[in-house]
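Numbering (full-length UniProt numbering), first residue to last: 1 to 444.
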């Protein structure tokens with residue numbers, strides 16, 4: 001565990017970020033393993049089928065990820081304030097919401113996944129593979145939710161190393177099971193999804209054992225398993241706005257996918273390739289944002305407002321620098337990234353992927369600002385503005401994707417993400433300025 005209220009702010013933030021970043025690389029590695037093995041062994045159709053499910057997975061599991069992040073902000077604030085009884089209560093109420101939401105999401109996802117794929121105009125040749133992959137993923141929703149909740153819970157206490165170990169375990173198990181299920185057993189894309197969920201189940205077990213052995217704040221008895229209205233409301237006020245924010249953004253992504261599906265398999269494959277490299281570019285931005293959120297929450301609980309402002313300023317500058325560097329790398333090494341995922345893709349697929357890299361990469365610096373400011377606001381316990389920013393993302397992404405398809409085809413659809421980022425930042429910047437002024441005056 002790490003007290004983020006001590007030491008130089010930027011050093012503390014970066015020290016907390018590094019294990020997060022390494023862990024995310026491992027998480028991305030097993031996602032990449034799925035894609036690379038599917039793309040190289042099962043071909044373009046299977047690869048595009050898995051790629052076409054990304055926005056649906058984000059809709060369901062993004063809701064859970066947003067929820068667990070919000071729930072554990074309460075934990076971080078109480079830990080920063082040395083309210084250890086409150087930390088235990090936060091754990092109990094957060095676990096309740098995580099289990100309840102897991103059940104609801106599993107039922108909804110498995111019931112509506114095929115109608116949703118059809119609604120999204122998924123091409124007939126992709127539909128069976130996409131449905132198989134999603135069935136495996138959503139069948140194990142509880143493991144995804146608990147993995148995210150327990151990881152965020154431990155991070156809320158300033159420990160980003162233990163979730164890293166859990167991710168490394170998941171990565172190696174996932175890759176091993178990919179080879180087993182896809183190449184040996186012949187389960188196809190269903191095997192890729194099953195490998196991911198099984199790996200997460202093992203990681204949940206590891207985290208649960210670690211908490212039981214190492215973190216006394218989360219040791220509960222029968223007497224502790226009591227829900228009270230005040231804590232239920234407090235956790236819901238932070239958890240559900242962040243959950244809905246993620247789902248709102250995902251709806252925009254689904255709209256974008258619907259537009260892409262009308263352009264055929266080559267466009268879908270190109271976007272699937274480019275979105276994977278997008279994920280790689282976003283890793284440092286996302287994880288620095290996560291660190292800023294926990295840093296802000298702990299220091300807000302301790303009423304160390306000047307530390308929050310100092311950390312925020314440095315984090316924004318570092319994130320922008322990374323965004324510029326990776327955008328240049330992505331464009332110059334585009335052929336490497338494209339062929340990494342799909343060796344047998346035709347030149348049209350690679351050309352479309354390059355166009356996507358250029359359009360999106362040129363706006364990464366805007367995205368970097370978005371991640372830091374949104375995390376800063378969430379760390380202060382403000383859920384409304386990030387949700388409003390998410391709505392703006394939905395409107396901009398959907399609007400530009402629809403209009404862009406009509407006038408510019410693939411290139412117009414590719415511009416939907418940068419438009420969404422710009423719209424979100426236009427909401428976050430004024431709110432951040434107002435909050436920083438209040439922090440300086442100690443009036444927050």
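Every residue gets a Cβ at the ideal spot worked out from N, C-alpha and C, and that includes glycine.
As the structure is a computational prediction, the values presented were derived from the model and not from experiment.
Separation of residue 307 and residue 73 (C-alpha to C-alpha, rounded to the nearest whole angstrom) is 18 angstroms.
Bounds of the alpha helix (DSSP H) holding residue 266 are 265-301.
Taking 7 angstroms as the cut-off, the Cβ atoms of residue 117 and residue 49 do not count as close.
Residue nearest to residue 354 within the set 99, 310, 273, 370 is 273 (criterion: CA-CA distance). Counting along the chain, the unbroken alpha helix (DSSP H) around residue 393 starts and ends at 384-408. Excluding its 5 nearest sequence neighbours in each direction, residue 251 has C-beta neighbours in its own chain below 6 angstroms: 394, listed in chain order. In this structure residue 281 touches residue 364 by the C-beta definition: roughly 6 angstroms separates them, less than 8 angstroms. Leaving aside the five residues that flank residue 370 on each side, the residues in its chain whose CB is nearer than 7 angstroms to its CB run, in chain order, 421, 424, 425, 428.
Here DSSP, grouped into helix, strand and coil, assigns residue 121 to coil. Restricting attention to 64, 56, 90, 388, the CA atom closest to the CA of residue 233 is found in 90.
Here DSSP, grouped into helix, strand and coil, assigns residue 31 to helix. No residue range can be given for residue 221, since it is assigned to no alpha helix (DSSP H) and is classified by DSSP as neither H nor E. DSSP, read as helix, strand or coil, puts residue 126 in coil. Within 10 angstroms of the beta-carbon of residue 275 lie 16 or more other beta-carbons, which makes it buried.
Within the model, the alpha-carbon separation for residue 81 versus residue 298 is close to 7 angstroms. A direct Cα-to-Cα measurement between residue 443 and residue 67 gives close to 28 angstroms.
When rounded, the separation of the alpha-carbon atoms in residue 167 and residue 407 is 43 angstroms.
For a cut-off of 8 angstroms, the C-beta gap from residue 198 to residue 177 is around 6 angstroms, short enough to register as a contact. Taking a 10 Å sphere around the C-beta of residue 336, we find fewer than 16 other C-beta atoms and assign the residue as exposed.
Judged by DSSP in its simplified three-state form, residue 81 adopts coil rather than helix or strand.
By the neighbour-count definition (other C-beta atoms within 10 Å, threshold 16), residue 101 is a buried residue.
Boundaries of the alpha helix (DSSP H) around residue 417: 416-441. A direct Cα-to-Cα measurement between residue 348 and residue 338 gives close to 11 angstroms.
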